[in-house]
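Going by the working numbering, 124 is the number at position 46 of the sequence shown; the sequence numbering is gapless.
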Amino acid sequence: MEKLMNNRTKIDQLLIWMEKNLRAESEFTTKDVSHFFSDEFTIKTNNRIIQATPETYKGYLYELKNTLKHVHYDIEEIFETENKVVASFVIHMYFLNKNPISLSAISIFTFSETKITIWKEIFTDLESTTFQYDPKGNHDS
79 MEKLMNNRTK IDQLLIWMEK NLRAESEFTT KDVSHFFSDE FTIKTNNRII
129 QATPETYKGY LYELKNTLKH VHYDIEEIFE TENKVVASFV IHMYFLNKNP
179 ISLSAISIFT FSETKITIWK EIFTDLESTT FQYDPKGNHD S
């Protein structure tokens, strides 16, 4: 049971860390990133697959953070197994030079020891989802 708590706690810590550090004025190091991620890891988001290291992911995060005032994660649900944590949440992103967006996301984090090796995330822009259910089969898109 200890390992399960460590993985879930690690995700809680990661999201708090991202809220603190994904803002234009923040500074962080490769060591900060490697606290959460293994030496080599994979990120799968929608149709993209990224092979990364803490150093390359830090570079990506720096590009992103330089466009942001801040981000906020609203956790909806979180589940865990022996080596995975599954979370659904809404990400609110507040940009420096454009309107904010909110994304609904489901993430599966796979761990080896206490480090993330795979982060699979499916997300949708909440502002562009206009699908309405009609039991008669008439749908808006």
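Ideal Cβ placement from N, Cα and C applies to all residues, glycine included.
These numbers come from a predicted model, not from an experiment.
Within 7 Å, strictly: CB atoms of residue i and residue j
i	j	result
I194	F119	yes
L174	K147	yes
N85	V163	yes
I89	F187	yes
E97	V149	yes
Cβ neighbour criterion (16 or more within 10 Å) applied to residue i
i	result
T87	exposed
I31	Nothing about residue 31 can be read from this structure; the chain reaches only from 79 to 219.
I169	buried
K143	buried
N125	exposed
L92	buried
Top-ranked residue by Cα proximity to residue i, from the options
i	options	result
S166	F106, K143 and L181	L181
E158	P178, N124, N177 and F189	F189
A130	V149, D117, H113 and T123	D117
S112	L204, T192, S104 and T202	T192
P178	I156, D203 and S185	D203
Expected contact under 8 Å - CB spacing of residue i and residue j to nearest Å
i	j	result
W197	I121	5 Å
P132	F115	5 Å
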